[in-house]
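Input: a single structure, listed below in structure tokens.
Numbering (our numbering), first residue to last: 2 to 107.
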């Protein structure tokens, strides 16, 4: 399974990479669902490991992060990554008022 992901064209966008990987995952999951019974345990386990490899792939992780608007963790799709905000504090932290611990004790 990792061979198909490594063979992916490096010109794919983050959305295309994510879509391609999720199609592979869905395909493997359908195969797992079709393998019923104790006699297919090893085959199901192998396909489950293939799904885990796909989900742990650095390109897929970065594609998911970019699609959520986060910066890529492994350096892929940096041209599609959102620009970092200059404040250093996230929007949730900036909107939250700061409370001085001494003021709260009064």
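A virtual CB, placed ideally from N, CA and C, is assigned to each residue, including glycine. Remember, predicted model here, so these are calculated numbers, not experimental data.
Tell me the rounded alpha-carbon separation between residue i and residue j.
i	j	result
residue 57	residue 66	13 Å
residue 53	residue 79	24 Å
residue 33	residue 49	8 Å
residue 42	residue 27	19 Å
residue 63	residue 40	37 Å
residue 15	residue 31	24 Å
Considering only their Cβ atoms, is the gap separating residue j from residue i smaller than 9 Å?
i	j	result
residue 44	residue 36	yes
residue 29	residue 51	yes
By DSSP, does residue i sit in helix, in strand, or in coil?
i	result
residue 72	coil
residue 78	coil
residue 67	helix
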